[in-house]
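First the structure, in the form of structure tokens, and then the observations on it.
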Amino acid sequence: MKCTRKQCGSAGEIQNGRYVQKGNLFGDKAYAECDDGYVLQGEPVRECLDNGWNGTIPSCIRGSPKSCPLPDINNGETNGTKKEYKPGESLSLSCNVGHRPRRNITIAKCHSKNGWEPKLKCDQIKCEKLVIPNGGTNCGRLRFNTTVKIYCDKGFQLKGAEFITCAVNASWAPAVPTCESDKKHLGKCGRLPDHPNAMPRQDYPREGEYEPDAYVQFECNPGTRWTGGSSAIRCENGHWTPLEMRCEEINCGSAGEIANGRFQYTGVSSGDTATAECFEGYRLVGVGVRRCGAGGWDGSVPVCEGTCPRPTVANSRMQEGRDYRVGERVTIVCQESFNLIGSPQITCGPNGQWQALPECLSCPAGKCGRLPHHPDAMPRQGYLSEGEYEPDVYVRFSCNPGYRWAGGSLAIRCKKGRWTPLEIRCERKSCGSAGEIANGRFQYTGVSFGDTATAECFEGYHLVGFGVRHCRAEGWDGRTPVCEVPGAEIFDTTDGHAEYGHVVSYRCRSGSLIGPEDLYCTERGTWSPPPPRCQGEQRG
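Taking our numbering as reference, the numbering of the sequence shown is continuous, increasing by one, and the terminal residue is 548.
Listed below in structure tokens is the structure:
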């Protein structure tokens with residue numbers, strides 16, 4: 009058998025108006041509307057019932073329609089922005105938190121006779137009254153957001169959440185628990201106990217069911233640490249033994265002392281920070297923020313380093329002023345017709361003071377003072393850096409040992425009390441290859457003055473001779489070493505050095521010698537031919 013909703017057909021015809029209906033089945037409604045300039049007289053709404061449409065068809069008569077004032081909704085509001093609304097205009101409703109629209113009606117329309125239809129109201133959200141067989145609650149209120157504690161009678165055990173809350177959909181969350189007889193569980197234990205600063209370790213669900221004599225381990229929450237008491241509980245006779253562990257908030261204490269600075273704290277508990285700041289005239293070196301965690305403050309205490317102001321030397325030329333870090337150097341250059349007395353380079357000291365400031369003193373008419381500094385060149389013999397020189401005197405420079413001239417004038421001239429620019433260019437000498445090693449090779453830091461070449465032998469060979477050569481002003485020092493064949497002995501009376509033409513002889517400790525027996529030192533500082541090897545089994 010199939011049942012269908014009864015049909016009512018049309019709600020009727022209205023002269024100078026019409027019915028607005030979403031359907032014509034049992035329970036549907038039809039709303040009457042009049043044309044502009046007409047006012048409704050009669051019932052504005054008809055409902056499809058078992059015996060057809062209820063009520064009678066209203067009339068639309070000429071006249072000014074009655075307006076509807078903006079409704080005042082308790083515990084809610086509409087989307088209206090005007091004080092008055094014409095018949096046919098609509099409003100929508102939204103309720104405050106903890107309330108919901110009555111019968112879920114959220115839209116109403118203005119009617120000239122009956123005002124707003126249907127009526128808009130917000131009701132307080134309420135949940136069903138709790139009935140807990142073999143148990144009860146600590147609260148009888150059913151309003152939204154009320155939290156209730158569930159308990160069970162003696163001899164019964166809670167199955168589900170101990171605390172439930174009336175939610176926005178008028179239902180309890182989580183689900184309403186039950187009280188089950190302890191006999192059903194035969195000594196099993198249910199929900200794990202709560203602890204304000206601890207939680208069960210991983211793999212122990214709080215809502216699980218545990219066998220008799222089961223042990224569950226707890227651990228302190230993040231930001232706290234264990235200070236005593238057992239961290240385990242046991243299921244005994246269907247009940248958990250007391251959870252006695254104690255967890256206290258982590259306190260990191262002081263983040264440290266900063267000379268010439270201090271820390272600013274948000275606190276000293278887990279997650280708090282300590283921010284370093286330096287006193288005036290000092291700058292921070294290191295990470296400025298430390299965070300309190302389980303292991304104490306992370307990182308290390310930074311340093312407040314002094315800074316030096318722009319150095320002031322009378323009659324000198326300086327660039328724009330700025331602060332300088334400890335250890336920074338500045339070169340002082342005197343103005344024209346002034347002679348530098350002291351070192352041209354000064355260093356910012358740890359106390360924020362410049363060390364050994366020089367002076368710029370007036371030169372005798374047209375004379376020149378200290379010679380200019382060049383990192384890779386020096387005045388030739390007979391010229392003093394700190395001397396006093398007559399006008400038009402020429403001073404010649406030469407490159408430092410290990411460097412060679414690469415262009416620019418070698419001389420400067422004293423002109424009107426100042427030296428002409430020192431334009432000499434010097435570059436490091438190159439030593440080229442340190443040589444070829446049979447059964448080995450050189451590893452280079454470079455091939456310029458001051459670099460090194462380190463010899464290494466291929467697998468199965470070992471080094472004979474000095475393994476490191478240095479690039480000097482006259483080239484690579486020492487001689488090219490040899491990578492000796494394993495198992496061979498050199499019959500030689502030298503101390504590791506051999507002159508051109510010297511001959512060394514090889515023989516095997518066991519087996520046969522494959523290759524030349526004698527090697528000689530070539531004019532290139534290498535051994536020729538390549539060393540031999542030994543073949544054959546060792547003999548006792």
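Where is the CB? At the ideal position from N, CA and C, for every residue including glycine.
Beta-carbon proximity list for residue i, same chain, < 6 angstroms, skipping 5 on both sides
i	result
Thr530	Ser536
Gly548	Interpretation of Gly548 is limited by its pLDDT of 35, a score under 50 that renders its predicted location unreliable; no figure is taken from the coordinates.
Ala446	Pro538
Pro380	Trp427, Leu430
Gln546	Unreliable placement is indicated for Gln546, whose pLDDT of 44 sits below 50; the coordinate value is still reported in the next sentence. Here the set comprises Ser518.
Arg299	Thr281, Asp306
Tyr452	Ala461
Ala178	Ile133, Cys135
Thr399	Strictly speaking, residue 399 in this sequence is Pro, with Thr absent from that position. Answer for Pro399: Gly374, Cys422, listed in chain order.
Residues bridged to residue i [DSSP beta-bridge criterion]
i	result
His478	Thr460
Glu257	Thr232
Cys197	Tyr218
Glu244	His247
Ile172	Val156
Gln439	Sequence inspection shows Cys at residue 439; the Gln mentioned does not correspond to that position. DSSP, once it has assigned bridges, lists no residue as partnering Cys439.
Tyr332	Cys316
Ser75	None; Ser75 has no bridge partner.
Arg433	Gly415
Glu394	According to DSSP, which records beta bridges pairwise, Glu394 is partnered with nothing at all.
Pro409	In the DSSP output, where bridge partners are listed per residue, Pro409 has none listed.
Lys420	Correcting the residue identity first, residue 420 is Ile in this sequence and not Lys. BP columns for Ile420 point to Val403.
His470	Glu492
Arg209	Answer by DSSP bridge pairing: none, since Arg209 is not bridged.
Asp526	Ser513
Sequence-distant residues of its chain with Cβ nearer than 7 angstroms to residue i (five each side left out)
i	result
Thr501	With a pLDDT of 43 at Thr501, under the threshold of 50, the predicted position of this residue should be treated as unreliable, though the coordinate-derived value follows. Within the same chain, Thr501 has no close Cβ partners at all.
Leu365	Pro319, Val321, Ile354
Gly301	Ser278
Ala169	Pro182, Pro185
Arg213	Contrary to the premise, residue 213 reads as Pro rather than Arg in this sequence. Excluding residues within five positions, none has a Cβ falling inside 7 angstroms.
Ile22	Ala40, Ile65, Pro66, Cys68
Asn153	Gly106, Thr173, Cys174
Ile158	Ile140, Gly143, Thr145, Leu166, Glu170, Ile172, Pro185
Cys56	Cys16, Asn32, Leu33, Phe34, Gly35, Asp36
Asn229	Asn205, Ala206, Met207, Cys255
Trp362	Cys316, Pro319, Ile354, Cys356
Ala284	Ile266, Gly269, Phe271, Leu292, Gly296, Pro310
8 angstroms contact criterion, which residue i and residue j should meet: CB distance rounded
i	j	result
Gly425	Glu344	6 angstroms
Ala461	Ala442	4 angstroms
Asn408	Cys439	Asn408 to Cys439, Cβ: 16 angstroms. No contact.
Cys187	Phe164	4 angstroms
Gly261	Val276	6 angstroms
Asp131	His107	6 angstroms
Glu252	Gly269	Not confirmed; about 45 angstroms, so no contact.
Ser393	Arg378	6 angstroms
Cys376	Asn323	The pair is not a contact, with the Cβ atoms about 15 angstroms apart (cut-off 8 angstroms).
Ala463	Gly448	6 angstroms
Ser308	Phe346	So it is not a contact: roughly 47 angstroms between Cβ atoms.
Proximal residues to residue i (C-beta, below 8 angstroms), its chain only, five neighbours per side dropped
i	result
Ala496	Low confidence applies to Ala496: its pLDDT is 48, below 50, so where it sits in the model is not reliable enough to give any reading.
Lys30	Asp36, Lys37
Cys11	none
Tyr46	Asn24, Gly25, Cys68, Ile69, Arg70, Gly71, Pro73
Phe499	Bear in mind that the predicted position of Phe499 carries a pLDDT of just 48, short of 50, making it unreliable; the figure below should be weighed with that in mind. Hits under 8 angstroms: Val512, Ser513, Tyr514, Arg515.
C-beta contact flag for residue i and residue j at 8 angstroms
i	j	result
Arg233	Glu256	yes
Val176	Ile113	no
Val334	Cys356	yes
His119	Pro77	no
Tyr332	Cys316	yes
Cys235	Arg242	Here residue 235 turns out to be Thr, not Cys, going by the sequence shown. No, Cβ-Cβ distance for Thr235 and Arg242 is not below 8 angstroms.
Gly468	Lys437	no
Glu227	Ala206	yes
Gly84	Lys117	no
Trp180	Cys147	no
Cys16	Asn32	yes
Glu217	Gly198	yes
Ile258	Gly294	no
Gly473	Val455	no
Tyr391	Ala419	no
Interface flag, residue i vs chain C, CB-CB below 8 angstroms
i	result
Glu41	Absent from the structure: chain C. Only one protein chain is present.
- Quick one: complete beta strand (DSSP E) runs, 3+ long, within the stretch 84-170? 84-86, 98-103, 107-109, 115-119, 123-125, 130-132, 143-145, 155-160, 164-167
- Please specify which runs of the beta strand (DSSP E), each continuous and at least 3 residues long, are wholly inside the stretch 288-328, giving them in chain order. Counting whole runs of 3 or more residues, the stretch 288-328 contains the beta strand (DSSP E) stretches 290-293, 297-301, 311-316.
- Item | Runs of beta strand (DSSP E) wholly within the stretch 46-73 (minimum 3 residues, chain order) | Those beta strand (DSSP E) runs which fall completely within the stretch 46-73 and span 3+ residues are 46-49, 53-57, 67-70.
- Quick one: which unbroken beta strand (DSSP E) runs of 3-plus residues sit fully inside the stretch 12-51? Chain order, please. 25-29, 37-42, 46-49
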